[in-house]
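Chains as they are written, first to last, in full-length UniProt numbering: chain R, 1 to 213; chain B, 1 to 217.
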């Protein structure tokens, strides 16, 4: 279970997040919704440690933690970025095996075996040796998910998972998220698509744009 | 005609001897200035202000004065401060410092054009700074900077002729010696041809390296 309490964040004197708290139980799906500019992505960046909050406290399974600390051996949180951010110079397989080898010190063979299993599950078994520029948007997203999963995170976060894809793929993204839920994964989904959120969420957190003074 | 060919074959060994020195300096300079330039460019992006300031000064000094002047200063000037270099070491030292400054600026541009999202993705995957630079950023920077680095490589082949000023016998100097001794331009024509062959060769090799990196977009 992840708890975040009283998160505040302002940029250049403009308060973007005002005392936001959230809670998500293990194995559940939390959707963070709101119009663009409301601070959803900022909130996700704070939870994942990419942005430093002005104030706020964080607990995972009752243990307080600092999202920005990077030194624990266990991967806490994986992120699937809106624009995927695959490494263009590495093949699909290398994208997935790099971090397990460098960070978890897995052998190349073990990392590749694990990566191939994940690719298999995501229907990308035949894509292991090609490069990101050769993939469609939906395939890139699944590779980004595979890359995050390879570190065995406790929580998987998505930033706007439907916005960069064809509308037709919306349903398959929902299915995929449901499938990970069935496997016990805790997930946080940032989206501006309320219907999508209602479809998959166990819990919805609405972030409203701050009224400017 | 036979006389010219005979003359050419007579002076060729001394020109090749000069080519050897030219290529030695060339290789030494590239081997050391490329990594040094990459390090300096990382330092130029450091958050530590004094380091940035010092490196900016270094780049300004090296790019702001003629390489010829730097050569003279290092070989003839530094002994005043009781720092002595052999001729070749002095030349290598000046060339490495000078070219590293240019490479640093080229690399700085390269680092800037790698999307910050790549750093964030690496951070989320918990790669540390060294791993991120080595495995994610540098390979992408290399591809970006290759054409500009190639330009400098070609320049370096020709810049190496400046070492005549500290009495080193490079290719151009070997040609000069023969020209003055035999009162003919033939040696210099041969020197020009050898430079052209060298630059053609390096252009070809650089193309090959660029092709190697064209496996992704």
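Cβ coordinates follow ideal geometry from the N, Cα and C atoms, glycine included. Quick caveat: nothing in here was measured; it's all calculated off a predicted structure.
Residue i (DSSP reduced to helix, strand or coil)
i	result
residue 140/R	helix
residue 184/R	coil
residue 20/B	helix
residue 64/B	helix
residue 198/R	helix
residue 150/B	helix
residue 213/R	Because the pLDDT of residue 213/R is 43, which lies under 50, any placement of that residue in the model is unreliable, and the number read from its coordinates should be weighed accordingly. Correct three-state label for residue 213/R: coil.
residue 208/R	coil
residue 191/R	strand
residue 167/B	coil
residue 205/B	helix
residue 138/B	helix
residue 81/B	helix
residue 2/R	strand
C-beta neighbour in chain R for residue i, strict 7 Å
i	result
residue 105/B	no
residue 127/B	yes
residue 38/B	no
residue 210/B	no
residue 130/B	no
residue 197/B	no
residue 117/B	yes
residue 70/B	no
residue 133/B	no
residue 147/B	no
residue 136/B	yes
residue 124/B	yes
Continuous alpha helix (DSSP H) stretch holding residue i: start and end
i	result
residue 227/B	A query on residue 227/B cannot be resolved here, the shown segment of chain B reaching from 1 to 217 and no further.
residue 80/R	Counting along the chain, residue 80/R falls outside any alpha helix (DSSP H), though it belongs to the beta strand (DSSP E) covering 77–80.
residue 119/B	116–124
C-alpha gap between residue i and residue j, whole angstroms
i	j	result
residue 20/B	residue 8/B	18 Å
residue 181/R	residue 174/R	11 Å
residue 20/R	residue 79/R	20 Å
residue 96/R	residue 118/R	9 Å
residue 147/B	residue 210/B	8 Å
residue 50/R	residue 7/R	14 Å
residue 207/B	residue 158/B	19 Å
residue 115/R	residue 162/R	24 Å
residue 173/B	residue 110/B	36 Å
residue 166/R	residue 160/R	13 Å
residue 138/B	residue 134/R	22 Å
residue 192/R	residue 130/R	32 Å
residue 16/R	residue 155/R	24 Å
residue 106/B	residue 133/B	16 Å
residue 53/B	residue 47/B	11 Å
residue 14/B	residue 179/B	12 Å
residue 213/R	residue 43/R	Any answer about residue 213/R is weak, because its pLDDT of 43 lies below 50 and its placement is not dependable; what the coordinates show is given next. Residue 213/R and residue 43/R: Cα-Cα distance of roughly 21 Å.
residue 101/B	residue 76/B	22 Å
residue 144/B	residue 92/R	21 Å
Any C-beta of chain B under 7 Å from that of residue i
i	result
residue 131/R	yes
residue 102/R	yes
residue 89/R	yes
residue 142/R	no
residue 50/R	yes
residue 79/R	yes
residue 122/R	no
residue 179/R	no
residue 99/R	yes
residue 224/R	Given a span of 1 to 213 for chain R in the structure shown, any question on residue 224/R remains unanswerable.
Distance cut-off 6 Å: residue i Cβ against heavy atoms of the ligand SAM
i	result
residue 209/B	Looking at this structure, you won't find the ligand SAM or any other ligand, since it has none at all.
Whole beta strand (DSSP E) runs in the region 5–69 of chain R with 3 or more residues, listed along the chain? 14–24, 29–33 and 55–60
Could I get the ranges of all uninterrupted alpha helix (DSSP H) runs contained in the region 99–162 of chain R, with 4 residues as the minimum, in chain order? 108–121 and 137–149
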